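A.B. asks:
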Amino acid sequence: MISRTSVEATVVDGFEEAPLKIENPIIEFLRMYVRNVAAVGGFMVFLIIALLAVFAPMLMGVDPFEIIWSPSAPPGADGFALGTDNLGRSMLVAIIYGARASLAVGAAAAGITIVIGLLIGCLAGYYRGWVDEVLMRITEFFQVLPPLLLSMVLVALFSPTLNTVIFAIGIVSWPGVARLARAEFLKIRELEYVKAARSIGATDGRIIWRVILPNALPPLIVTSALTVGSAILFEAALSFLGLSDPNVMSWGKIIGDNRDYLLEAPWTVIFPGLAIFFTVLSVNLIGDGLNDAFNPKLRGR
Amino acid sequence: MKLLSVLVQRIGNALILLIAVIIFNYILLSLVPGDIAETIAGESGGASAEVMAEIRRSYGLDQPFHYQLYSYVTKVLQGDLGTSYYFNLPVTELILQRLGPTLLLVTTALLMAIFIGTFLGVIAAQKPNGWFSHFITVLALIGFSAPVFWTAFMLIVLFVSVLELLPLTGMVEPTTPKGTIEWYLDVFYHLVLPSISLASIYVAQYSRLARASMMDILGSDYIRTARAKGLSQRMVVYKHALRNAIIPVITIAGLQFSHIFSGAVVIETVFNWPGLGTLALESILRADTPTIMGILFFSAFVVIVFNLLTDLAYRLVDPRIRTSQTT
């Protein structure tokens, strides 16, 4: 577990013809990832959804809030592939536009979650002692409040806009990441190469940032992928409950708007739910794939 | 002696957390634009500046911040969570009214998830690379990816719309006389779908956990001893290994209480279940701040007590933790 890149770089430079062949770690990682069919499939599905989200305004001629046909038209009828909702808005347009909000909120909220979690976890795990004690009390505090309830309260208190939703999801989700980062730091800080770095006079910042963090990255990257998935689910739950920006179409909002018509027009609930399901599934498959690709025990199989 | 000092320390920690939650609540409350005087004045159609000042004085809003905070903390610790703007009833009373249905739903779902999850995991652990193990991995992946309210709606479409087996929403038909056997049966029918939906999130997770811990235990020395004694596979698995394999599942379930409560908010909304979750959402939509803060405090209180009990019970049950973690 030595800082991999530097050592391998010198080995590759110095012993071109060495019998022990060591690949560039990034290429080796990609080779491991591509071998996993489910992970590649997840990546493809996610890519397609992301492209649809980015190019939604170009692909779709109408606004998702525009009423274009009679209400609750079933899928396939009258040329609407996924039918219309209870107000006569196109389901297909709503779902494609919905991808924008879901992915943007999911990614941004996951970003906040990871930054806060990483910061608190790194400091607690590296400095230990009273710093650890204080930071872990704060973490515990946020774990005691039911996450969905607290984020609902936050969204309601500070006007329901996309930014508030992102902030509210981030602020309730970070404790898990913090605990993981702390555990990794506690483990790695005792290893020989960290002692070596300290003995040559490296500063705390350098040890945290350049020595420990790169070695703690694999589990943190996997968690980050899974965090995006749970943030998308979280956003869906909030907008389903009506606690999201009313002027932004999102998958949870479509389900929330149409839930009273579930029995007469089930497609208005089924399709947006499938969109959430496949998006989160693809993100989780990517996470699993990363996990396997990072795991040296599975290499060479 | 050691256990006692741990007990005191844990209870002290729990109390500090509780007070932190109250202070956090109070700060959130004071961030809300407008105060109770404006709310009351708004409802009665306007008031003069003198009346506003009078209302503020009667609610203690003219006192300095630290004094208000102190009186809020002491009031909450005495169980007084204020008065609901909407119902004009003490919030504590409102919460206790809605507590029963939520506890019924959450406990049923949790027990279901623990039993089914452990059962699936134990079966899978006996053939770690068999088809059933893979099936559980796939099931867990699906459970992690589907939004819980959507799962609930799909179950409704299947069982209410297509099969016409179960009632749609609510906890009991209003026409059923209370206290009779029909009433209990009616509640049971209404409970089936919400509890299955809520359990669906955790079944997959617990089955993976039980599988891992069972595989771990099946490789341990005391299981080899039991096998060497000539016990049958069934005796070994269900009598000797299961007891230890279920410990991590129960621990995780205990620590997940705050997440389960979050899930209950969504499920109660889907099924119009008259519990704390629907009360929370209604209060948020009505801007009934004292009720919202009351529920937030109460749920944190339940989680803290639950964590404390899990921790202590765990210590009593498993002697290994008692000796290793007291340092």
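Line by line, the protein sequences give chains A and B.
Reminder that position 22 of the first sequence reads as 14 in this note's numbering, one-by-one numbering, no gaps.
Plus 134 on top of the position in the second sequence (first one is 1) and you've got this note's numbering.
Cβ atoms here follow ideal geometry from the backbone N, Cα and C, with glycine treated the same way.
On a predicted model such as this, the values are computed, not experimentally measured, just so you know.
CB residue 271(A) to CB residue 213(A), shorter than 8 Å?
C.D. replies: Against a cut-off of 8 Å, the Cβ pair of residue 213(A) and residue 271(A) comes out as no contact.
A.B. asks: I need the straight-line Cα distance from residue 378(B) to residue 249(B), nearest angstrom please.
C.D. replies: Roughly 14 Å between the two C-alpha positions.
A.B. asks: Can you name the residues that DSSP bridges to residue 76(A)?
C.D. replies: DSSP lists 82(A) as partners of residue 76(A).
A.B. asks: Closer than 7 Å, Cβ to any Cβ of chain A: which residues of the stretch 321 to 343 of chain B, in chain order?
C.D. replies: Listed by position along the chain: nothing, the set is empty.
A.B. asks: So within the stretch 158 to 210 of chain A, which uninterrupted alpha helix (DSSP H) runs reach at least 4 residues, ignoring any that extend past its ends?
C.D. replies: DSSP runs (the alpha helix (DSSP H)) wholly in the stretch 158 to 210 of chain A: 184 to 191.
A.B. asks: In the DSSP assignment, what are the bridge partners of residue 224(B)?
C.D. replies: Paired residue(s): 217(B).
A.B. asks: Does the structure place the stretch 377 to 391 of chain B close enough to the stretch 277 to 286 of chain A that three or more beta carbon pairs sit under 8 Å?
C.D. replies: They do not touch, by the three-pair rule.
A.B. asks: Classify residue 338(B) as buried or exposed, calling it buried when 16 or more other Cβ atoms lie within 10 Å of its own Cβ.
C.D. replies: Counting Cβ neighbours within 10 Å, residue 338(B) comes out buried, since at least 16 surround it.
A.B. asks: Within 8 Å of any Cβ in chain B, is that where the Cβ of residue 67(A) sits?
C.D. replies: Answer no: the Cβ-Cβ gap between residue 67(A) and chain B never drops below 8 Å.
A.B. asks: So, for residue 382(B): in the same chain, excluding its five sequence neighbours on each side, which residues have a beta-carbon less than 7 Å away from its beta-carbon?
C.D. replies: Excluding positions up to five away in sequence, the list reads 343 and 347.
A.B. asks: If we count the other Cβ atoms within 10 Å of its Cβ and call it buried at 16 or more, is residue 331(B) buried or exposed?
C.D. replies: Counting Cβ neighbours within 10 Å, residue 331(B) comes out buried, since at least 16 surround it.
A.B. asks: Residues of the stretch 227 to 259 of chain A in Cβ contact with chain B at a cutoff of 9 Å, in chain order, please.
C.D. replies: Taking 9 Å as the Cβ-Cβ cut-off against chain B, the residues of the stretch 227 to 259 of chain A that qualify are 228, 229, 232, 233, 234, 235, 243, 244, 247, 248, 251, 254, 255 and 258.
A.B. asks: Does residue 326(A) pass the burial test, meaning 16 or more other C-beta atoms within 10 Å, or should it be called exposed?
C.D. replies: Residue numbering for chain A in the displayed model covers -7 to 293; residue 326(A) lies beyond these limits and cannot be assessed.
A.B. asks: Could you please tell me which residues of the stretch 143 to 170 of chain A, in chain order, have their CB closer than 7 Å to any CB of chain B?
C.D. replies: Cβ contacts with chain B: 144, 145, 148 and 149.
A.B. asks: Could you check the C-alpha separation between residue 398(B) and residue 216(A) for me, to the nearest Å?
C.D. replies: Taking the straight line from one Cα to the other gives about 26 Å.
A.B. asks: Return the chain-ordered list of same chain residues with a C-beta closer than 6 Å to the C-beta of residue 259(A), the five sequence neighbours on each side being excluded.
C.D. replies: Hits under 6 Å: 67 and 75.
A.B. asks: Just the C-alpha distance for residue 242(B) and residue 133(A), rounded to the nearest angstrom, thanks.
C.D. replies: For residue 242(B) and residue 133(A), the distance between alpha carbons rounds to 27 Å.
A.B. asks: Can you confirm whether residue 140(A), when its beta carbon is compared against all beta carbons of chain B, has any partner nearer than 8 Å?
C.D. replies: Closer than 8 Å to some Cβ of chain B, the Cβ of residue 140(A) qualifies, so yes.
A.B. asks: Tell me the DSSP secondary structure of residue 237(A) in three-state form.
C.D. replies: Of the three classes helix, strand and coil, the one that applies to residue 237(A) here is coil, per DSSP.
A.B. asks: When the distance is taken between beta carbons, is residue 208(A) closer than 8 Å to residue 182(A)?
C.D. replies: Cβ atoms of residue 182(A) and residue 208(A): not closer than 8 Å.
A.B. asks: CB residue 153(A) to CB residue 249(A), shorter than 8 Å?
C.D. replies: No, the Cβ-Cβ distance between residue 153(A) and residue 249(A) is not below 8 Å.
A.B. asks: Straight-line CA distance for residue 327(B) to residue 443(B)?
C.D. replies: The alpha-carbon atoms of residue 327(B) and residue 443(B) are separated by roughly 29 Å.
A.B. asks: I'd like to know whether the C-beta of residue 132(A) is nearer than 8 Å to at least one C-beta of chain B.
C.D. replies: Closer than 8 Å: yes.
A.B. asks: Below 8 Å on the Cβ atoms is my contact criterion, and I expect residue 88(A) with residue 52(A) to pass it. Report the Cβ-Cβ distance as a whole number of Å.
C.D. replies: Correct: roughly 6 Å between the Cβ atoms.
A.B. asks: Under 8 Å between C-beta atoms, does residue 273(A) make it to chain B?
C.D. replies: Yes, residue 273(A) counts as interfacial toward chain B.
A.B. asks: Helix, strand or coil: which one does DSSP assign to residue 368(B)?
C.D. replies: Helix, per DSSP.
A.B. asks: Is residue 239(B) close to chain A? Criterion is C-beta to C-beta, closer than 8 Å.
C.D. replies: By this cut-off, residue 239(B) is not an interface position.
A.B. asks: Any residues in the stretch 360 to 375 of chain B with a beta carbon nearer than 8 Å to a beta carbon of chain A? Which ones, in chain order?
C.D. replies: From the stretch 360 to 375 of chain B, no residue has a Cβ closer than 8 Å to chain A.
A.B. asks: Measuring alpha carbon to alpha carbon, tell me which residue in 228(B), 278(B), 244(B) and 321(B) is nearest residue 424(B).
C.D. replies: Per the Cα distances, 228(B).
A.B. asks: Does the CB of residue 228(B) have a neighbour CB from chain A at under 8 Å?
C.D. replies: By this cut-off, residue 228(B) is not an interface position.
A.B. asks: In chain order, what residues of the same chain have a beta carbon less than 6 Å from the beta carbon of residue 198(B), not counting five sequence neighbours either side?
C.D. replies: Correct list: empty, nothing qualifies.
A.B. asks: For residue 275(A), does the three-state DSSP call read helix, strand or coil?
C.D. replies: Three-state result, residue 275(A): helix.
A.B. asks: Could you tell me the alpha carbon to alpha carbon distance between residue 246(B) and residue 276(A), rounded to whole angstroms?
C.D. replies: C-alpha separation (whole angstroms): 25 Å.
A.B. asks: Quick check on DSSP: helix, strand or coil for residue 409(B)?
C.D. replies: In the structure shown, residue 409(B) sits in coil (DSSP, three-state: anything other than H, G, I, E or B).
A.B. asks: Determine, using beta carbons only, whether residue 47(A) and residue 81(A) come nearer to each other than 8 Å.
C.D. replies: No.
A.B. asks: Please return the same chain residues whose Cβ sits closer than 8 Å to the Cβ of residue 214(B), not counting the five positions on each side in sequence.
C.D. replies: Counting only Cβ-Cβ distances below 8 Å, and skipping sequence neighbours, we find 224 and 226.
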